[in-house]
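Data first, discussion second: the structure below is written as structure tokens.
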Amino acid sequence: MDNKVLCKFDKKVIISIFCGQVLSLFICGTAISSAYLSQFGANIPITQSFLNYMLISLTYGMFFAYKSSLNLMEIIKDRGYLYVIAAIIDVEANYLIVKSYQYTNVTSIQLLDCLTIPTVFILSIFILRIRYLWTHLSGVVLCLLGSTGMVLIDYWVRDSSSVSSLNPLLGDILVIIGAILYGISNIIQNYLVKKHSTIEYLGFIGILCSLVSGIQLILIERHDAFLAFNANYANPVFWSCLLGFALSMFLLYSLMPYMMRISDAVITNLSLLTSDMYALIVGIFLFGYVFHPLYFVAYSIIMIGVGMYVAKDHAKRKENEGICSMFDCKKDSNNSDTV
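Below is the structure:
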């Protein structure tokens, strides 16, 4: 590998890591905002996500409609169904994750949602036709073991310190389902932003997600939203948290496609694991979470797993031109790369 290629690779890795940490901060922002809103009795997950989707729709939807030279009907006929599927999955994933804040704490949510990683890893193999070395699989397994350890420690510390939740088991189940849906959404996003434009993806997702979440809001959450707004209309902290959630999600959605373009879905999600530690640190100061030294042990295991995954030059891993089944796959058995 000559110096130019090495420099280009190093620059790409550094940018990927930096973007991953910025995304982690945005995720931490959404987690803390949701936790505060839940404390105010504002259990309005659909409303929270709807505000984010409206921001995306107004920003990127209008920009795409103004700037795009492509025929809108041709896009809808060619890949509109993918955007519809992605929108529905994304709305429901966000709903489940935000809903879980009513039942469990921030740390459990931030740790369990790393199940997105094995989901993306497995789907990348069977749908994107990516082939991995055993070091990549070992890295992912270590990440999962570390995260599982942190969850067990969290339950132990929470029980011993009498930190209560309404129904932690239900909350954890909601997070697990939401994390799996996020993984599916990431795979679709990974395909769309690499094959087409980022602005197109954000524009369609913003509009369709606004429509889906708007209908869902009217059907099942309009009463809760009215009560929350009526009870907190004079509470500036409530409105600050609601705005903070929407802006954090908007920035997260804006940067995520770029991260997907310069890396891939697995590396993106592995980079986001640091949000778990950010949430833990913030939770200690804001919510009185109890710290235990074993958190660092479990977190170190996660970081070792991340290191094992990124140790191999991911620039050598390539995806097929198309992806299988409903993604119009162009199979080529002689063009399957191994990393």
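With the working numbering applied, the sequence shown covers 26 to 364.
We put the CB at the ideal spot given by N, CA and C, even for glycine.
Quick caveat, the model's predicted, so the values are computed rather than measured.
- Taking the Cα positions, Val116 is about 13 Å away from Tyr278.
- Using a Cβ-Cβ distance cut-off of 8 Å, the region 137-145 and the region 197-207 are in contact, since at least three pairs of beta carbons, one from each stretch, lie closer than that value.
- Under the three-state reduction of DSSP output, Arg154 falls in the coil class, being neither helix nor strand.
- In the same chain as Leu297, and ignoring 5 residues on each side of it, the C-beta atoms closer than 7 Å to its own belong to Gly45, Leu48, Ser49 and Ile52, in chain order.
- Minimum Cα-Cα distance from Trp264 among the listed residues Ser41, Thr293, Ala67 and Phe43 corresponds to Ala67.
- Exposed is the label assigned to Lys102, since fewer than 16 other Cβ atoms lie within 10 Å of its Cβ.
- Under the Cβ criterion (8 Å, minimum of three pairs), the region 63-82 counts as touching the region 222-236.
- For the options Val315, Ile232, Leu206 and Ala250, the alpha carbon positioned closest to that of Ile114 is the one of Leu206.
- With at least 16 other beta carbons inside 10 angstroms of its own, Pro282 counts as buried.
- Within the model, the alpha-carbon separation for Ile71 versus Gln127 is close to 13 Å.
- Setting aside the 5 residues that flank it on each side, Ile134 is surrounded in the same chain by Ser125 and Val200, each with a C-beta closer than 6 Å to its C-beta; the list follows chain order.
- For the pair Val182 and His317, the CB atoms are nearer than the 8 Å cut-off.
- Secondary structure in the region 288-343: the alpha helix (DSSP H) runs of 4 residues or longer, each lying completely within the stretch, are 290-296, 299-311 and 319-336 in chain order.
- Membership of Ile101 in the alpha helix (DSSP H) is indicated by the continuous run Leu97 to Lys124.
- Sequence-distant partners of Tyr324 (beyond 5 residues in either direction) whose C-beta falls short of 8 Å from its own C-beta, in its chain, are Gly171, Met175, Asp301 and Met302.
- Segment contact: the region 212-223 against the region 102-111, three or more CB-CB distances shorter than 8 Å; contact assigned.
- Pairing Gly269 with Ser58 gives a Cβ-Cβ distance under 8 Å.
- Taking 8 Å as the cut-off, the beta carbon of Ser238 is found closer than this to the beta carbon of Tyr78.
- Contact between Cys266 and Leu62 is confirmed by a C-beta separation of about 5 Å, below the 8 Å threshold.
- Leaving aside the five residues that flank Leu242 on each side, the residues in its chain whose CB is nearer than 8 Å to its CB run, in chain order, Ile71, Thr72, Phe75 and Ala250.
- Annotation: the continuous alpha helix (DSSP H) that includes Phe229 extends over Thr223 to Gln241.
- Residue environment: Val123 is assigned as buried (16 or more neighbouring CB atoms within 10 Å of its CB, all protein chains considered).
- With contacts defined by Cβ atoms closer than 8 Å, Cys168 and Leu295 form a contacting pair.
- One alpha carbon belongs to Leu305, the other to Ala56, and they sit about 11 Å apart.
- Within a 10 Å sphere around the beta-carbon of Arg104 sit 16 or more other beta-carbons, which makes this residue buried.
- Less than 8 Å divides the Cβ of Ala60 from the Cβ of Phe312.
- Comparing alpha carbon positions, the residue from Ile69, Ile39 and Gly54 closest to Leu244 is Ile69.
- Per the coordinates, the alpha-carbon of Gly308 lies some 6 Å from the alpha-carbon of Tyr314.
- In this structure, the CA atom of Ala256 is about 26 Å from the CA atom of Pro193.
- Sequence-distant Cβ neighbours of Ile150 in its own chain, meaning closer than 8 Å and more than five residues away, are Arg156 and Tyr157.
- For Asn68, the secondary structure class from DSSP, reduced to helix, strand or coil, is coil.
- Taking C-beta separations shorter than 7 Å and ignoring five residues to either side along the sequence, the partners of Ala290 in its chain run Val145, Ser149, Asn211, Ile212 and Asn215, following chain order.
- Secondary structure note for Leu83: it is in no alpha helix (DSSP H), with a DSSP letter that is neither H nor E.
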